[in-house]
Amino acid sequence: MHLQRKIGVLGLTMIGVGGVIGSGWLFALMNAAQQAGPAAILSWAICGAAILLIALTYAEVCARLPVAWDGCRTSRMVAWWPLRWAGPHGLAS
74 MHLQRKIGVL GLTMIGVGGV IGSGWLFALM NAAQQAGPAA ILSWAICGAA
124 ILLIALTYAE VCARLPVAWD GCRTSRMVAW WPLRWAGPHG LAS
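Numbered continuously in our numbering, the sequence shown closes out at residue 166.
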């Protein structure tokens, strides 16, 4: 069985979006360094630590619930929590 070698509209769109986002964070770093100076490095370190804590929490949940495709289900469930907490007022803003 051979794979078809063709790219559709969705594939081309995702390649374009990936290219924009892929280089965009570098420009964000440059702008942050220009505006905040050396404090920008500290803010990136704090954000990196927060992302690491979130990733470790997600890994713990996936390890405790070893079900096929559970990572997709868990991420979809967790994504709705802030909307539940916000209520109708948070959704309106």
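Don't be surprised by glycine CBs; every beta carbon is placed ideally from N, CA and C.
On a predicted model such as this, the values are computed, not experimentally measured, just so you know.
Indicate the three-state DSSP secondary structure (helix, strand or coil) for residue i in the structure shown.
i	result
residue 137	helix
residue 99	helix
residue 119	helix
residue 92	helix
residue 110	coil
residue 84	helix
residue 76	coil
Excluding sequence positions up to five away, which residues of its chain have a Cβ less than 7 Å from the Cβ of residue i?
i	result
residue 166	Unreliable positioning characterises residue 166 in this predicted model, as indicated by a pLDDT of 49, which lies under 50. The coordinate reading is nonetheless provided below. Answer for residue 166: no residue qualifies.
Could you check whether residue j and residue i sit closer than 8 Å to each other, using their CB atoms as the reference points?
i	j	result
residue 173	residue 113	The chain is shown from 74 up to 166; residue 173 falls before or after that span and cannot be answered.
To which residues of the same chain is residue i closer than 8 Å at the C-beta, ignoring the five residues directly before and after it?
i	result
residue 128	none
residue 102	113 and 117
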